[in-house]
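Listed in order, the protein sequences are those of chains A and B. Per this note's numbering, the first sequence runs over residues 970 to 1102. Per this note's numbering, the second sequence runs over residues 970 to 1102. All C-beta atoms in this analysis are idealised placements derived from N, C-alpha and C, irrespective of residue type, glycine included.
There are 2 protein chains.
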Amino acid sequence: MAITIDLRSTTPLEDQLRSQIRELIALGKLVEGECLPSVRQLAGDLAIHFNTVARAYRRLQDEGLLAIGRGRGVFVKELPSRRTQSVRQTRETLGGRLREIFVDARLIGLTAAQTREFVLDELEQFARKEKRS
Amino acid sequence: MAITIDLRSTTPLEDQLRSQIRELIALGKLVEGECLPSVRQLAGDLAIHFNTVARAYRRLQDEGLLAIGRGRGVFVKELPSRRTQSVRQTRETLGGRLREIFVDARLIGLTAAQTREFVLDELEQFARKEKRS
DNA sequence: GCCATCTGTATCACACAGTGATACAGTCAC
DNA sequence: GTGACTGTATCACTGTGTGATACAGATGGC
């Protein structure tokens, strides 16, 4: 599954887990219908509590990314249903987060041009990691 | 000061405040040596507790952006000292945050091209807001 | 010099979220 | 139907965000 957890990080374990699963889905490395490891299985692998995994799964279900079948397992949802009910991220909130990054870039001394270059570079790296379907 | 607080937001008041002050500094709207409102003054304007403002100021001092003079007031630090001790943001953590945004963009249905366009647009808007010094 | 009043600081209390322990309940293979 | 697997519910503990309140340094009018 290629998920790693940093116990010393200040970001909650549940969030670390959740954002990595979201990334795997976004990049197409977890495909629709695919089965995820059970909460105890994944928790064991990552050396965290299975309850934390369960909570991460449930929140991803709430976002519309996963389908949980009690007693049966957890699955990646199909894209169409994702798009409809799913993720309430608006472009606006994404823009806000982008601006924060631009601010930080300035404050560590990057110029506007350097920031632009940096961002474009990251964009390209991201696109390269994406699985073409 | 052009700072606004959303009491219903889930992001802590202290963080809302802090990120907005950082933005004002990064954009050059708060210049080196400039005096910020007192903790009680700003707290009054924003209708929050002055302790919250004090904590935000102190954290910005820890980041190297502000200088606090007990009894005298709070000032924006000069750029050189900022750059040296300051903000421990590395390009790496910025990259991680960028990737999260790219992920969210995919999950709300933006294509790679649309994401790129969106990001470039935000970059330009940000640059336009920046005060040329 | 002293007092009033401005600054920020320290400390405690409360609420809530993140985490883990443990008991519970649905599903499926045999 | 039983056993072993799924995820769920609930409680306790801890840390963090917020606010109340008492404190301490700085400054200006007298």
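- [ ] Flag B:Ala1081 as yes if its beta-carbon sits less than 8 Å from any beta-carbon of chain A, otherwise no.
- [x] Yes, because at least one Cβ of chain A sits closer than 8 Å to the Cβ of B:Ala1081.
Could you tell me whether the stretch 1019-1035 of chain B touches the stretch 980-988 of chain B, using the rule of 3 or more Cβ pairs below 8 Å?
By the criterion of at least three beta-carbon pairs nearer than 8 Å, the stretch 1019-1035 of chain B is in contact with the stretch 980-988 of chain B.
field: Simplified DSSP assignment, three categories, for A:Ala1016
entry: In the structure shown, A:Ala1016 sits in coil (DSSP, three-state: anything other than H, G, I, E or B).
Nearest CA to the CA of A:Ala1082: which residue from B:Lys998, B:Val1043, B:Phe1095?
-> Relative to the Cα of A:Ala1082, the nearest Cα in the group B:Lys998, B:Val1043, B:Phe1095 belongs to B:Phe1095.
### Message
Less than 8 Å between CB atoms is the rule here; does B:Ile1070 satisfy it with respect to chain A?
### Response
Yes, contact with chain A.
With the cut-off set at 8 Å, would you say A:Leu1035 and A:Lys1046 are in Cβ contact? In terms of Cβ geometry, A:Leu1035 and A:Lys1046 form a close pair [threshold 8 Å].
Q) Would you say B:Phe1044 faces chain A, with C-beta separation under 8 Å as the test? A) The C-beta of B:Phe1044 comes no closer than 8 Å to any C-beta of chain A.
Candidates A:Thr980, A:Leu1048, A:Glu1032: closest to A:Glu1003 by CA position: Nearest of A:Thr980, A:Leu1048, A:Glu1032 to A:Glu1003, Cα basis: A:Leu1048.
Next item on the list: Starting from the Cα of A:Phe1044, find the closest Cα among A:Pro1006, A:Leu996, A:Thr973, A:Pro981 and give me that residue.
Entry: For A:Phe1044, the nearest C-alpha among the options comes from A:Pro1006.
For the stretch 1029-1095 of chain A, which segments carrying the alpha helix (DSSP H) assignment without a break, of at least 4 residues, lie completely within its bounds, in sequence order?
-> Here the runs fully enclosed are 1048-1054, 1060-1076.
* **Element boundaries [alpha helix (DSSP H), containing B:Ile994]** => Where B:Ile994 is concerned, the enclosing alpha helix (DSSP H) starts and stops at 982-995.
Determine the direct distance from the alpha carbon of A:Glu1061 to that of B:Ala1074, and round the result to whole angstroms.
A straight-line Cα-Cα distance of about 11 Å links B:Ala1074 and A:Glu1061.
Let me check understanding here. Comparing Cα to Cα, which of B:Val1088, B:Arg1041, B:Ile1017, B:Glu1069 lies closest to B:Asp975? Among B:Val1088, B:Arg1041, B:Ile1017, B:Glu1069, the Cα nearest to that of B:Asp975 belongs to B:Ile1017.
- DSSP puts A:Leu1005 in a beta bridge; with which residues? Beta-bridge analysis with DSSP links A:Leu1005 to A:Val1043.
* Report yes if the CB atom of A:Arg1097 is closer than 8 Å to the CB atom of B:Leu1076, and no otherwise. => Not a contact, by the Cβ cut-off of 8 Å.
Next item on the list: Count the other CB atoms, across all protein chains shown, that sit within 10 Å of the CB of B:Val1072; report buried if there are 16 or more and exposed otherwise.
Entry: B:Val1072 is buried by the Cβ-count criterion.
Indicate whether at least one CB of chain B lies closer than 8 Å to the CB of A:Gly1002.
For A:Gly1002, the closest Cβ of chain B is not nearer than 8 Å.
Q.
Against A:Ala1105, what residues of chain B qualify as contacts under a CB-to-CB distance less than 9 Å, listed in chain order?
A. Coverage of chain A is limited to positions 970 through 1102, which leaves residue 1105 of chain A absent and any answer about it impossible.
Compare the C-beta of A:Ala1012 with all C-beta atoms of chain B and state if any pair is closer than 8 Å. No, its Cβ sits nowhere closer than 8 Å to a Cβ of chain B.
When DSSP labels each residue in this structure, what does B:Lys998 get in the three-state scheme? B:Lys998 carries a coil assignment under DSSP once its states are collapsed to helix, strand and coil.
| query | According to the neighbour-count rule (16 or more other Cβ atoms, all chains shown, within 10 Å of its Cβ), is B:Gln1054 buried or exposed? | reply | Residue placement at B:Gln1054 is flagged as unreliable, the pLDDT there being 39, under the threshold of 50; the coordinate-derived value follows with that caveat. B:Gln1054 should be labelled exposed.
Do A:Leu1067 and B:Glu1091 have their C-beta atoms closer together than 8 Å?
-> For the pair A:Leu1067 and B:Glu1091, the CB atoms are nearer than the 8 Å cut-off.
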